[in-house]
Amino acid sequence: MYMILRIGPFVAAEWNFGGVPAWLHYVPGTVFRTDNEPFKYYMRNFTTFIVNLMKQEKLFAPQGGPIILAQVENEYGYYEKFYGEGAKRYVTWAARMAVSQNIGVPWIMCQQDDAPEPVINTCNSFYCDQFTPNSPNKPKIWTENWPGWFKTFGARDPHRPAEDVAFSVARFFQKGGSVHNYYMYHGGTNFGRTSGGPFITTSYDYEAPIDEYGLPRLPKWGHLKELHKAIKLSEHALLKSEPTTLSLGPSQEADVYDDGSEVCAAFLANLDDKTDKNVVFRNVSYHLPSWSVSILPDCKNVVFNTAKVGSQASLVEMMPEELMPSVTSPSKGLKALKWDVFVENAGIWGVADFAKNGFVDHINTTKDTTDYLWYTTSIIVGENEEFLKKAGRPVLLIESKGHALHAFVNQELQGSASGSGSHSPFKFESPISLKAGKNEIALLSMTVGLQNAGGLYEWVGAGLTSVKIEGLNNGTMDLSMSRWTYKIGLQGENLSIYKPDGLNSINWVSTSEPQKNQPLTWYKVVVDPPSGDEPVGLDMIHMGKGLAWLNGEEIGRYWPIKSSEHEKRVEECDYRGKFFPDKCLTGCGEPTQRWYHVPRSWFKPSGNILVIFEEKGGDPTKITFSKRKISGLCSLIAEDFPMVDQAPVRKGGSGKSAAHLKCPKNSLISNVKFASFGNPTGKCGSYSKGECHDPNSTLAVEKVCLGKNECAIELTEENFDKGLCPGTTKRLAIEAVCS
C-alpha cells in the first residue's frame, strides 16, 4: 500500500490539542501556528526527527519505500485570518522548511490556497470535483474524503450514505482528479485521554468503510470496492487523455476520456437531486438515477452506477457475555465474581496543592496531566436560617467555561452538569442540602479532551467562573471571590492504582456485591477473556461517567450520556443532494456511545485486571463484554443493476445481474429468512413482499446458497419467473443467516 505521511505537527484530527503536546503552550513566548520563534523551533525539530526516522528505515519512495507524499501543517487556510501578518510568513516558512528536508517526494498542504511552489495545495471536503489547485503544474489531489463524520458525547449518530460517497468519488475522477484518499477508511478508537474536541467520543468509528472493530461496514465497503474496480477498468483512458465535457441536459453531463485510438472511457452524471433522467450518449440511451454517475470503461457499457447498490448489506450485533472470574471459589466449585472497591474523598486528598481567593483556569492548572481538578471551599450556615426551619433547600448556581462538573456538599453528590461539543460553557443549578454550622463544598471540574482546532485554539480555557448560593436570609451568597483550595487530579490516579505495579498502593475493600450508584468509586475485578475471537466492546450502559483500563492499558473515557429526545428525528435518509454532517442522524434519545473497544491483544489467557473509575455512580455488576458479530446478510438487486464483475468488458460472464452473499470466515449460510423476486420493499432486517412476488423465490435461493460460505444467484429464467408483472423492473431481496 502507498502511504501519505502527514507530519503536521499540528494535525487537528479530533485529537487532544490537535496533536501538539500541552507542554509547548507553557514554553514562554509561544504562540502556535504563526511566525513565532519557539513554535517554529519545535516544529522544525519534530519534522526533522520524523523525516530522519523514515529515511533510516528507507520508507520514502526513492529509497524503495511506500511513502509517495508528505504533508506539512493541516487545514491552516481555514484559520489564517486569525493570525494577521504572521500567517503568510508562517506558511512560506513551513513550506521552505519542509522542502529543505530533501525527502525525494512532493510535499502537500491541505486547504491551503496560497501554498507556495513546489508545495501542492490539496482539498479536504465531502466533495472535491470542483476543486482546482493553485497552479496548472500541480495535480488535483483530494486528501480527505469524509465517508462519515465524528461523534461528540451527548449528540446523535451521523451517517453518510454509500451512494453519496461513491457519487463524490466518481465525480472527482470524472473531473480530472489524480489522487483520492478517504478520511477515515478504517475507523479507530481514541484510547485513554487522546480524543479532543472537546467532547469527541472515545470511538472514532467515523462510519468508515471498515469500522472501529475492523469489520467491513456493508454495503458501504462493498459498494466502494466495486466503484474502484470500475475506475480501475478505465485507467488507461484516464492516464492517456484529458476529459472533454458534453452537456446531456440541464443538469446532466458526460466527461469523455478519448485519446483517438481504441482507448476510451466515459462518466455520465445526473446532478439533479430529485429526478431520474434518460440521456443519449453516442446514439445510445442511458437511464441515470438522480444524483448519480455511471461509469463506462469502454464508452459503451455501464459497469457501475453510484446510486445502484448491488453489494451485500449486513446485520451487525453486539452479543453480550457476562464477566467471568479467573478464580474458582473453593467452597462451591462455582465461579464467583470478586470486586475490589476504593472510594475517593470528595475534595482534597493528601495535602492541598494551593489556595487562593477566586478561581484559576482549569487547563492552566492541570496542564492536561489529568481530566480532574478539585475546587473546594467551606461556608458557615447560621442556626437561624429560615430554610432550616421550613425544610426548604437553598440553590447552588455555578457557571463554568467547560467542560463538565460534579458538585458535592459534605461528601454527598448534589448533581452534575456539562457543556457539549457545540458549546463548552455551561451553567449548573440545583437545590442542595446544607446543615447548621460548617459545610464543605467540593466541586470536581473536568475536561473532556482539549480543543483541537480553531484560531488561537490553545488559549481556550476551562473551569469555574462563578459560584453562588441563593435562598439564604441575606439573599444570595457569592462565593466567586472566596478563598478556594485546589487539588489536581484524583488520589487513585496519583497512585496509578490502574496499573499492575500500582494496584497495591491502596487498601481495596473486597466484596461480591459492590454498592450501586456510589460516586468517586474505583472498581477492580479479575476476569477471563470473552470466548471466541470476535472483536470486543465493553458495555457501559449501566454506568455513569469515568475511565476504564484493562491490564493497565487505557480503554479510555466512558460516558453513556443520551442524546436529546427533542431534536428533529431523521427517519429515512435520502442520499440525493449535498451531504452535511447533520443530514442523516440516528440514535435519538440513545447513548452516543454505549460500547468501548477493547483490543483482543490486550487480553491474557486468564487473570485480566479490569479497573473502572466511576465519577457519579452506576451498577458495575451489569458491565459486560460484548462481541461484535455479523449475524445476518442481505442483498437487494434489480434486473437493471450493472455488475462490474460480469461486465461484457470482462470477456465471459452472462452480463446478468446477480445477488452475491458471503458469510464471515468459518461460517456458512444456515437459513434464508426472506427471499422475494418481484417488487419487495424495506431494508435489510425488515424486507417485506410486494404485490408482485415469485412464490418459488425462497426455494431458488436455498438451492444455490444453503450450507455455503458464499453464493451468487443470477436473475435468470432458470431461477425465477421472469414473466411476472410485465413491463416492470423486478428486484430480488434476500436476508440470510450465517452460523
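Quick note: the sequence shown, position 268, residue 310 per the working numbering, numbers continuous. Quick reminder that beta carbons are idealized off the backbone N, C-alpha and C, glycines included. Please read these numbers as outputs of a predicted model, since none were measured by experiment.
Test item: CB-CB of Asn-312 and Lys-319 under 8 Å | yes
Given Ile-109 as reference, the closest of Tyr-120, Glu-555 and Ile-92 once Cα atoms are compared = Ile-92
Would you call Ala-742 buried or exposed, if buried means 16 or more other Cβ atoms sit within 10 Å of its Cβ?
-> buried
Taking DSSP as the reference, what is the three-state secondary structure of Gly-264?
-> helix
Using DSSP with H/G/I as helix, E/B as strand and the rest coil, what is Arg-435?
-> coil
First and last residue of the beta strand (DSSP E) that includes Thr-194?
-> Element bounds for Thr-194: n/a, residue is neither H nor E.
Would a C-beta distance cut-off of 8 Å place Gly-732 and Glu-777 closer than the cut-off?
-> no
When Lys-698, Pro-200, Ser-677 and Gly-769 are compared against Phe-716, the one with the closest alpha-carbon | Ser-677
Tell whether a beta-carbon distance below 8 Å holds between Met-488 and Ala-433.
-> no
Assuming Ile-474 and Gln-456 make a contact with CB atoms under 8 Å, what is their CB distance in whole Å?
-> 5 Å
Have a look at Gly-695 and Glu-756 and give me their C-alpha separation to the nearest angstrom.
-> Low confidence applies here, because Gly-695 scores a pLDDT of 41, under 50, leaving its location unreliable and the question unanswered by this model.
So, is Pro-722 buried or exposed, given that buried needs 16 or more other C-beta atoms within 10 angstroms?
-> buried
Within the same chain, show all residues whose beta-carbon is closer than 7 Å to that of Asn-166, passing over the 5 residues directly before and after it, in chain order.
-> Glu-117, Cys-152, Gln-153, Thr-185 and Glu-186
Own chain, CB closer than 6 Å to Gln-453, minus 5 neighbours either side, in chain order = Ala-388
Taking only runs that begin and end inside the segment 438 to 508, name each unbroken beta strand (DSSP E) of 3 or more residues, in chain order.
-> 446 to 451, 454 to 460, 468 to 473 and 479 to 488
Is it buried or exposed for Asn-163, if we count other Cβ within 10 angstroms and need 16 for buried?
-> buried
Should Gly-264 be labelled buried (16 or more other beta-carbon atoms within 10 Å of its own) or exposed?
-> buried
Alpha helix (DSSP H) segment containing Gly-534, residue limits | 533 to 536
Taking the continuous beta strand (DSSP E) assigned at Glu-756, which residues delimit it?
-> 752 to 756
Inter-residue spacing [alpha-carbon to alpha-carbon] between Gln-216 and Thr-76 = 37 Å
Distance, Gly-513 Cα to Trp-191 Cα = 45 Å
In the DSSP assignment, what residue or residues form a beta bridge with Glu-656?
-> Thr-563 and Gly-588
With 16 other CB atoms within 10 Å as the buried threshold, where does His-465 fall?
-> exposed
Run of the alpha helix (DSSP H) containing Tyr-84, from where it starts to where it stops = 79 to 98
Check whether the Cβ atoms of Ile-511 and Leu-521 sit closer than 8 Å, and answer yes or no.
-> yes
Below 8 Å on the Cβ atoms is my guess for Ser-442 versus Phe-468; work out the distance and round it to an integer in Å.
-> 6 Å
Residues bridged to Gln-113 (per DSSP) | Arg-48 and Ile-150
Going by CA-CA distance only, name the one from Lys-100, Val-114, Tyr-125 and Ile-49 that's closest to Phe-74.
-> Tyr-125
Can you say whether Val-551 is buried or exposed, counting buried as having 16 or more other CB atoms within 10 angstroms of its CB?
-> exposed
Whole-angstrom distance between Leu-774 and Gly-724, CA atom to CA atom = 12 Å
For Pro-372, three-class secondary structure by DSSP = Unreliable positioning characterises Pro-372 in this predicted model, as indicated by a pLDDT of 48, which lies under 50. The coordinate reading is nonetheless provided below. Coil, per DSSP.
Ala-54 to Val-221 span [Cα, whole Å] | 22 Å
Hey, does Ser-605 have any beta-carbon neighbour from chain B nearer than 8 Å?
-> Judged by its chain identifiers, the structure shown contains no chain B, having just a single protein chain.
Met-139 in three-state terms, based on DSSP | helix
Taking all protein chains shown into account, do 16 or more other C-beta atoms lie within 10 angstroms of the C-beta of Asp-155, making it buried, or fewer, making it exposed?
-> exposed
If you drop the 5 nearest sequence neighbours on each side, which residues of the same chain put their C-beta closer than 7 Å to that of Phe-429?
-> Arg-435, Pro-436 and Gly-513
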